[in-house]
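For my numbering, add 364 to where a residue sits in the sequence shown, where the first one is 1. Everything on this sheet refers to the single structure shown next.
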Amino acid sequence: MPKVKMVKIVDWVLPELRYRDTRALVGGGPNVPVPDKYFFGHSVTVDINVDDIDNCRLYWAEKTNLPIVPEQDIKYFVDMYKLNPNANTFANWGSKKTQGGDNKNVKITDIPAMPGGKDMGETHRWLEIIAIVHNTTDNSARKAHFRQDLLFYPKGGEQAALLEFQRILGYAPPNLQSVFGIRNYSYSIIQNDVELNNPTNDIAAIFTGAPDKYWK
């Protein structure tokens with residue numbers, strides 16, 4: 365039985381828009397003004413189940429056209445866990461690693477981190493994330509790969525925003541959610557709980573072009 369048993373997207377939701385001090389915004393439109401800054405994007409949860417967690421390595425590969433940290437780049441994936449293993453996103457993984465042992469269930473929830481608001485103008489942001497767990501003892505590994513597209517389009521309403529989204533992407537945005545035609549959210553699950561046949565080579569291929577210090 366492989367030691368890496370599951371790396372699976374189990375939840376993908378559009379959370380309430382939030383101020384930076386975490387107070388929830390309860391809507392939008394003329395009676396509830398959009399704040400100057402709020403978090404813009406989906407919240408995604410990945411469930412992981414592994415044995416021998418002591419010898420498991422987590423990779424959280426991200427690539428985007430609008431970086432929020434200087435290491436991110438449009439041309440290659442970087443490992444956000446490598447760059448900041450103490451981030452709140454990875455706290456549960458760190459806790460289970462400290463415990464050690466077998467049959468560890470780990471839930472990782474990645475929340476929106478890109479600020480957005482009235483000063484954004486017309487903005488399109490895409491973000492791809494590949495969650496990978498690799499056990500170096502038996503060389504088993506699994507991954508989940510997903511993408512979100514965000515379009516801030518402060519003119520024209522929902523139909524105009526949909527047409528603009530289609531023009532940008534070249535296809536109809538999947539799982540589209542629109543808030544007043546201004547904040548538009550699309551996501552797709554590209555692969556889910558997929559086994560890597562050759563983990564060492566497959567992982568290196570994901571990070572092609574990235575400096576070693578951003579993932580190794």
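For every residue, glycine included, the Cβ atom is placed at its ideal position computed from N, Cα and C.
*Helix, strand or coil: how does DSSP classify W424 here?*
strand
(Q) Beta-carbon within less than 8 Å of L447's beta-carbon, same chain only, minus the 5 sequence neighbours each way: which residues are those? (A) V433, E435 and Y578
Just to confirm, is the Cβ distance from N556 to A508 under 7 Å? yes
- Determine, using beta-carbon pairs with one atom in the segment 464 to 472 and one in the segment 407 to 423, whether at least three such pairs fall under 8 Å. yes
Terminal residues of the continuous beta strand (DSSP E) containing N469?
K468 to D474
*Quick one: any contact between the segment 488 to 504 and the segment 412 to 429, if contact means 3 or more CB pairs under 8 Å?*
yes
Requested in this report: Write down the C-beta distance between A425 and F529 rounded to the nearest angstrom, noting that I regard them as a contact closer than 8 Å.
Outcome: Rounded, the Cβ-Cβ distance is 25 Å, inconsistent with contact.
Exercise. Expressed to the nearest angstrom, what Euclidean distance is found between the alpha-carbon atoms of P518 and P476?
Worked result: 20 Å
- Work out the CA separation of R531 and A455 for me, nearest whole Å. 39 Å
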